[in-house]
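Each number in the working numbering corresponds to the 1-based position in the sequence shown with 3 added.
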Amino acid sequence: MTSSLLEEPQAPADPARQGGSAVSAPRAPTPGRHIALVGNPNVGKTSLFNHLSGQSARVGNYPGITVERRTGVVHLPSVTPGGSPEQRQLVDVPGTYSLSARSQEERIAIDEVLGLNGAPPPALTVVVIDAGQLLRNLYLVVQLLELRVPCVLALNMVDEAPHAPPHPEALTRILGVPCVLTNGRTGEGIDELRAAIARACAQPPQPRVHVTYPPELIRAADRVADALPSSWRGSVERDRALALWALSSLDEDDELEGIPDELRARVLDIHATGLDADLATVTARYAYLDGHQSDFFRPTTAEQGGPARVSEKVDRVLLHPVYGFAAFLGIMLLLFQSLFTWSDPAIGWIEDGVAALQEVAGSVLPEGLLRDLLTEGVLGGVGNVIVFLPQILLLFFFIGLLEDSGYMARVAYLMDRIMRSLGLHGRAFVPMLSGFACAVPAILATRTMERQRDRLLTMMVVPLMACSARLPVYTLVIAALFPPESLFGVPLQGLLMVAMYLFSVVIALLATAVLGRTVIRGRRVPLILELPPYRLPRLASTVRMMTERAGQFLREAGTVILVCTIALWGLLTFPREDVAPEGEAVVATAVVTENAETSLGSDALVTAAEAAPRDRDSRLAQSYGGQLGKALEPVVAPLGFDWKIATGIIGAFAAREVFISTLALVYGMGDVDDEALPLRERMREERRADGSHTYTPLVGLSLMVFFALACQCMSTLAVVRRETRSWRWPAFMFAYMTALAYAASFIVYQGGRLLGFVG
């Protein structure tokens, strides 16, 4: 039984925008002209979509990459001599194991293939099959053919089949639909697939599937078929298939819409008799496939199973409850240490480039607001964010390698024991791992989860995972405040980065346990997770992923961060004081009397150098932004933060990277030095009024903990609003994460001071 927060019914998202999030009635409308691409998760479906449409949609070696319908255009050859080629819309449907409407991915697939989302069904459905898992993949094919859906089979990844290669001619003969051998990695068989699609569109194939069901199931299906509305009816075979679909999909807790009351009541009456229609249907279909198993495969004498045996040997280590976790920690340590080591030279080059641009702009433009805006606002603010682009690229490079190799699914399996004890299963850890890149696609990836309660709980904790937007903040603080020393031979900075990412995982798991037992309660379910075979990562796919993420980062830097930076520059600039600052007056006096006998001497110049930063701080404190930061300073002072950090935190609620541009503005505006120092060096040199360092390792740790837990991303809140169709859950997420961030940062800072660390 769930709590009151779950009692508000969740309206379905707009199918036109999301491909349908809830299933309506299984009608049989007139077919359209588009082509649907369906299949089990992780069968290479999106790779074939890219080859057929010429697009570059993201692919990966773990289930659940596609969570929304994608569209493209496929060019088909002429099927008649002298005819013209034609173009058809191609729709990539989320992977699904069956047409039973349990998870959101299955509901989207049913909507699309059967035309239940208000649009006509496809003229043809291309079913992509993993040759290494033929019988399991054919289960979906049997369901489609029983519903008389015109199909073409794409027998993919034949080179990875661990047993005898499948026999496409036998599949065509037995099932009555064309079957083409393809390879989504190399593009082999794509032309043959185009030709088969063109022929099937011109003359739809007639499926030949005859599954023997138990008599009691047939009687139950006939009773349900009698309750089908006349507008749904077709052939006897299709009506019975629709009845079996209803028996497997309808229950008291389903989220199907548009189901007639009489039909639902008939199905529930049959369930009340104790007949397990779902089990009987699955058993009969697999018995049909098992009976033809010897016909589906080519005879061979070659030894098979090499790749499978290699995967099994590797899994003995990586899935071991002890060695597997040790390997995971080692991989994470190597990954984040590489981020520091490999990106540091490129970061230095970009810092030098930004400083050079600031110097050129300052020397070319006349003194005034325009020069200040360009040098301090645009170049100083946005430039200090772009500095971290090399680390963003490296992070997504490593994530791409781990995904494409098949390791990510193993991590989910490893975490299943922990996740089950917290009220979820290991499959929930797949979108949580995706949160290391970005929370928005990770939240969309929860659509692959069957239960709404599990999906909602996962959405609430995914933003706690350390996304790539936090990486620049961690990097800045660690590089500025923690020395490049080693601990037990391991660089300290890399250890701190790993610790922050592990901290985010631990807190996310603890939040799962608390929320799953209080706000979002529900029963536990077992894990059903496909472990894909290990594969060599595709460099082209990984580079494409890096390029897309780099483009997104730069677009955000050129839009959201730029707008926020300009707005913050205005808040930190106005109102402007007409009176010259004290420091400038002292410097002027020193210059006038430099050649006089009564020169102020070195002491006066030192006083001027000390006064200039104080006067800069005074001007900033009197600005609108400074006044806002000053107002919040009493609230954040127990965390070790001053008003400048408070100002940065305000801007960071739009996007976390804005915090860096805000600090760059604060420490770069009105700078009297000839040389523009990198932001991390400015942070090291910043002093309080009593001469002590503003930024200490303890303050830095408190700041990183706050950013690790605070909900500072408008895009995340927006996507949660879209997925839940309510403002209640985004508001709850923002409130609990902000409170958690404040409490944890308070404990770190005040606890550190009690232990004797300098604050």
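Quick reminder that beta carbons are idealized off the backbone N, C-alpha and C, glycines included.
### Task
Count the C-beta pairs between the stretch 450-467 and the stretch 481-489 that are closer than 8 Å, then say yes if the count reaches three, no if not.
no
### Message
So if DSSP puts residue 75 in a beta bridge, which residue, or which two residues, is it bridged to?
### Response
93
### Message
Check for me: the beta strand (DSSP E) holding residue 158 runs from which residue to which?
### Response
154-159
#### Entry: Of the residues 231, 139, 339, 88, the one placed nearest residue 493, counting alpha carbons only
339
### Message
Could you tell me the alpha carbon to alpha carbon distance between residue 664 and residue 388, rounded to whole angstroms?
### Response
6 Å
### Task
Below 7 Å CB to CB, which residues in the same chain sit around residue 649 once its five sequence neighbours on both sides are set aside?
632, 635, 636, 639
### Task
Return the first residue and the last residue of the beta strand (DSSP E) that residue 523 is part of.
Here residue 523 belongs to no beta strand (DSSP E), and DSSP marks it neither H nor E.
### Straight-line gap, residue 178 to residue 143 (C-alpha atoms, nearest Å)
13 Å
### Selection from 358, 398, 396, 406 that minimises the alpha carbon distance to residue 384
358
### Task
Give the straight-line distance between the Cα atoms of residue 336 and residue 578, rounded to the nearest whole angstrom.
48 Å
#### Entry: Segments of 3+ residues assigned as beta strand (DSSP E) that fall wholly inside the stretch 234-291
none
### Query
Can the beta-carbon of residue 247 be found less than 7 Å from the beta-carbon of residue 224?
yes
#### Entry: residue 476 classed as buried or exposed, judged by whether at least 16 other C-beta atoms fall within 10 angstroms
buried
### Task
Using the DSSP secondary-structure output, state which residues sit across from residue 132 in a beta bridge.
158
### Message
Let's see if you can read the secondary structure: which residues bound the beta strand (DSSP E) around residue 182?
### Response
182-184
### Query
Taking the C-alpha atoms as reference points, what is the distance between residue 173 and residue 398?
46 Å
### Message
Just to confirm, is the Cβ distance from residue 245 to residue 270 under 7 Å?
### Response
no
### Message
For the stretch 186-203 against the stretch 78-89, do three or more pairs of beta-carbon atoms, one drawn from each stretch, fall closer than 8 Å, so that the two count as touching?
### Response
yes
### Task
Report the three-state DSSP secondary structure of residue 213 (helix, strand or coil).
coil
### Message
Quick check: what's the CA-CA separation for residue 280 versus residue 151?
### Response
21 Å
### Message
Using the Cβ count rule (16 or more neighbours within 10 Å means buried), how would you classify residue 73?
### Response
By the beta-carbon neighbour count (other beta carbons within 10 angstroms, threshold 16), residue 73 is buried.
### Task
Excluding the 5 residues preceding and the 5 following residue 722 in the sequence, name in chain order all residues of the same chain whose CB lies nearer than 6 Å to its CB.
443, 446
### Task
Indicate the three-state DSSP secondary structure (helix, strand or coil) for residue 489 in the structure shown.
strand
### Query
Is the beta carbon of residue 353 sitting closer than 7 Å to the one on residue 471?
no
### Residue interval of the beta strand (DSSP E) (run including residue 42)
38-42
### Message
With the cut-off set at 7 Å, would you say residue 187 and residue 47 are in Cβ contact?
### Response
yes
### Query
Could you give the residue range of the alpha helix (DSSP H) that holds residue 646?
646-655
### Task
Pick helix, strand or coil for residue 199, following the three-state DSSP scheme.
The answer is helix: DSSP assigns residue 199 an H, G or I state.
### Task
Select from 724, 744, 719 the residue whose C-alpha is nearest the C-alpha of residue 712.
Among 724, 744, 719, the Cα nearest to that of residue 712 belongs to 744.
### Touch test, the stretch 542-556 against the stretch 399-417, Cβ-Cβ under 8 Å, three pairs minimum
Segments in contact, yes.
### Query
Per DSSP, residue 658 is paired with what?
716.
### Message
Taking only three categories from DSSP, how would you classify residue 321?
### Response
helix
### Task
Identify, in the order they occur along the chain, each residue of the same chain with its Cβ nearer than 7 Å to the Cβ of residue 56, setting aside the five sequence neighbours on each side.
Here the set comprises 75, 76, 77, 93.
### Task
Using 10 angstroms around the beta-carbon of residue 316, count the other beta-carbons present and answer buried if the total reaches 16, otherwise exposed.
Residue 316 should be labelled exposed.
### Task
Determine the closest residue to residue 626 out of 670, 653, 576, with distance taken between C-alpha atoms.
Comparing Cα positions, the closest option is 576.
### Query
Quick one: what does DSSP say residue 127 is sitting in, helix, strand or coil?
strand
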